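Data first, discussion second: the structure below is written as structure tokens.
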Amino acid sequence: MAATKQVNIAIIGAGGVGKCFISQLTSLASRRPNPKLALTYIATSKKALYSLDHTPLDLSSILLTLPSSTQSPLPLPQLAEHLVSSGTPTILVDNTSSQDLANSYPLFLKKGIHIVTPNKKAFSSSYTLWTDIFSAAAESGAKVYHESSCGAGLPIISTLHDLVDTGDEVTKIEGVFSGTMSFLFNSFSPVSGASSATWSAEVRRAKELGYTEPDPRDDLNGLDVARKLTILARIAGLPVESPTSFPVQSLIPKELESCSSGDEFLERLPEFDAQMEEVKAEAEREGKVVRFVGSIDVVKKEVKVGVEKFDRAHPIAQLKGSDNIISFYTKRYGTNPLIVQGAGAGGEVTAMGVTSDLLKVLREIA
Ligand SMILES: NC(=O)c1ccc[n+]([C@@H]2O[C@H](COP(=O)([O-])OP(=O)(O)OC[C@H]3O[C@@H](n4cnc5c(N)ncnc54)[C@H](OP(=O)(O)O)[C@@H]3O)[C@@H](O)[C@H]2O)c1
């Protein structure tokens with residue numbers, strides 16, 4: 001079999017993660033001349049750059065040339081046709097959070113186009129989409145990797161696959177899966193017990209420091225954590241139907257769900273500080289702290305997301321800053337879980353997970 005001389009790369013999304021990925025890809029392409037990594041398509045929601053004959057684009061200047069492009073993104077079915085028409089192995093890098101693109105993964109994979117992505121949507125929506133993706137990949141032999149869809153660049157998904165594939169019995173997965181929630185609770189309920197700030201003041205501070213979404217309700221509703229749990233539960237063998245098919249505790253008071261903006265929500269949040277204060281005080285009376293965690297009890301087939309109390313010495317209580325921590329309890333590891341901990345958000349570390357996924361694909365196809 002002739003060695004693959006070139007692999008084409010198509011990138012969709014050039015925001016926080018996409019920009020870092022492009023920088024990492026530029027460096028990788030210069031360090032790793034064989035196979036040649038050729039960027040042949042790039043798009044954001046409104047702009048695109050590509051040529052009908054798949055001429056490689058200049059990676060080093062792409063972020064300067066893309067904004068002034070007059071080309072529009074190809075509709076997804078047309079894009080799949082276009083990429084396949086090159087006759088060259090192609091990796092699609094989805095750096096968006098687009099549900100439409102996620103829904104189209106089976107289409108790309110069926111045509112033999114490999115996919116790497118930090119986008120959670122494809123793997124945490126309906127269980128049907130999940131099975132369609134992996135059966136399309138199995139049918140065509142196309143590869144699909146999504147390490148950064150949980151815990152950014154932390155080796156969470158690859159670790160879980162290794163545990164499962166080598167025949168260990170995963171009994172429970174537990175952890176702090178959101179950098180925002182980690183930051184909020186580490187400050188609000190510190191192990192030192194020294195916090196004097198109210199819950200609403202902590203939320204406001206987290207927003208000002210850029211740790212929350214523009215509307216903090218998008219973090220506080222717990223859905224982001226539920227999506228990550230859905231992905232891990234499915235890899236562990238539980239056919240979880242969707243991120244809303246198990247209990248997820250929202251930290252948005254019912255009365256504030258209908259606020260018309262994030263700012264209005266923040267203005268009214270102090271009215272509910274007493275509730276969170278009581279949750280913290282109850283934990284303190286037991287010598288504990290509160291943390292927002294997700295857990296998967298594989299044996300009981302139970303998945304849940306919400307606030308829980310932890311002894312001050314527990315690794316989850318000891319977390320710092322906005323770090324994530326994920327503990328894998330397995331038969332082999334016994335009572336001391338395998339723990340992965342570190343930054344679970346940020347452009348560079350998330351892009352690192354995407355770039356390492358791309359390297360995995362290259363190892364398998366080139
Ligand atoms: N940032 C993190 O720390 C982090 C951590 C883990 C996972 N992730 C995941 O990584 C992905 C990217 O995150 P990000 O922070 O880079 O987001 P971002 O800064 O909002 O960038 C998103 C990019 O995708 C483009 N885009 C959105 N919808 C599109 C569509 N339908 N078609 C084409 N392009 C589209 C946007 O283009 P326009 O600007 O034209 O809209 C933008 O370039 C998300 O799935 C996120 O959940 C991020």
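Residue numbering for the sequence shown follows UniProt numbering, starting at 1 and increasing by one per position. Beta carbons are placed, not taken as given, at the ideal position from N, Cα and C, and that holds for glycine. A quick note: this is a predicted structure, and the numbers were derived from the prediction, not measured.
| query | result |
| --- | --- |
| From this set, Phe-21, Gln-275, Gln-318, Gly-287, which residue's C-alpha is nearest Thr-96's C-alpha? | Phe-21 |
| Just jot down, in chain order, the residues whose CB lies closer than 6 Å to any heavy atom of ligand 1. | Ile-12, Gly-13, Ala-14, Gly-15, Gly-16, Val-17, Gly-18, Ala-43, Thr-44, Ser-45, Lys-46, Pro-73, Asn-95, Thr-96, Ser-97, Ser-98, Asp-100, Leu-101, Pro-118, Asn-119, Lys-120, Ser-148, Ala-152, Ala-345, Gly-346, Gly-347, Thr-350 |
| State the start and end residues of the unbroken beta strand (DSSP E) segment that holds Thr-171. | 170-176 |
| In or out: Ser-51 buried (at least 16 other Cβ within 10 Å) or exposed? | exposed |
| Given Gly-18, which residues of its chain have a CB within under 6 Å of its CB, disregarding the five upstream and five downstream residues? | Asn-95 |
| Taking the DSSP output, what are the residues bridged to Asn-221? | Bridge partners of Asn-221: none, in fact. |
| Let's test the definition: count the other Cβ atoms within 10 Å of the Cβ of Val-361 and tell me whether it reaches 16, buried, or not, exposed. | buried |
| According to DSSP, which residues form a beta bridge with residue 436? | Given a span of 1 to 366 for the chain in the structure shown, any question on residue 436 remains unanswerable. |
| Can you tell me where the alpha helix (DSSP H) holding Pro-182 begins and where it ends? | Position check: residue 182 holds Ser in this sequence, whereas Pro was assumed. Where Ser-182 is concerned, the enclosing alpha helix (DSSP H) stretches over 179-188. |
| Measuring CB atoms only, is the segment 283-298 touching the segment 306-314, in the sense that at least three cross pairs come out at less than 8 Å? | yes |
| Classify Glu-277 as buried or exposed, calling it buried when 16 or more other Cβ atoms lie within 10 Å of its own Cβ. | exposed |
| Give me the Cα-Cα distance between Thr-117 and Ala-137, rounded to the nearest whole angstrom. | 15 Å |
| Does Asn-336 pass the burial test, meaning 16 or more other C-beta atoms within 10 Å, or should it be called exposed? | exposed |
| I'd like to check one pair, Pro-216 with Leu-266: are the Cβ atoms closer than 8 Å? | yes |
| Do we get a CB-CB distance below 8 Å when we pair Glu-264 with the residues of chain B? | The chain inventory of the structure shown lacks chain B, comprising one protein chain alone. |
| Is Tyr-211 helix, strand or coil by DSSP? | coil |
| Could you pull out every residue in the same chain whose Cβ sits closer than 6 Å to the Cβ of Leu-220, ignoring the five residues on either side in sequence? | Leu-251, Ile-252 |
| The beta strand (DSSP E) with Val-240 in it runs from where to where? | Here Val-240 belongs to no beta strand (DSSP E), and DSSP marks it neither H nor E. |
| Quick check: Ala-345 and Gly-179, are their CB atoms within less than 8 Å of each other? | yes |
| Specify, as a first and last residue, the run of the alpha helix (DSSP H) that Ala-136 falls within. | 127-140 |
| Is the beta carbon of Lys-288 less than 8 Å from the beta carbon of Asp-311? | yes |
| Measure the alpha-carbon distance for Ile-42 versus Phe-272 and round it to whole angstroms. | 46 Å |
| Throw me the rounded Cβ distance for the Val-93 and Ala-29 pair, which I believe falls under 8 Å. | With 8 Å as the limit, Val-93 and Ala-29 do not qualify as a contact, their Cβ atoms being about 13 Å apart. |
| Whose CA, out of Gln-341, Trp-199, Gly-13, Ser-69, lies closest to the CA of residue 411? | Beyond the ends of the chain as shown, which are 1 and 366, falls residue 411; an answer cannot be given. |
| Helix, strand or coil for Arg-363 per DSSP? | helix |
| Between the segment 153-163 and the segment 319-331, can you find at least three pairs of beta-carbon atoms closer than 8 Å? | yes |
| Within the continuous alpha helix (DSSP H) that includes Glu-81, where are the two ends? | 76-84 |
| Excluding sequence positions up to five away, which residues of its chain have a Cβ less than 8 Å from the Cβ of Thr-234? | A small fix is needed here, since residue 234 is Arg in this sequence, not Thr. Excluding positions up to five away in sequence, the list reads Phe-123, Tyr-127, Trp-130, Val-240. |
| Looking only at C-alpha atoms, which of Phe-183, Gly-112, Glu-282 sits nearest to Ala-206? | Phe-183 |
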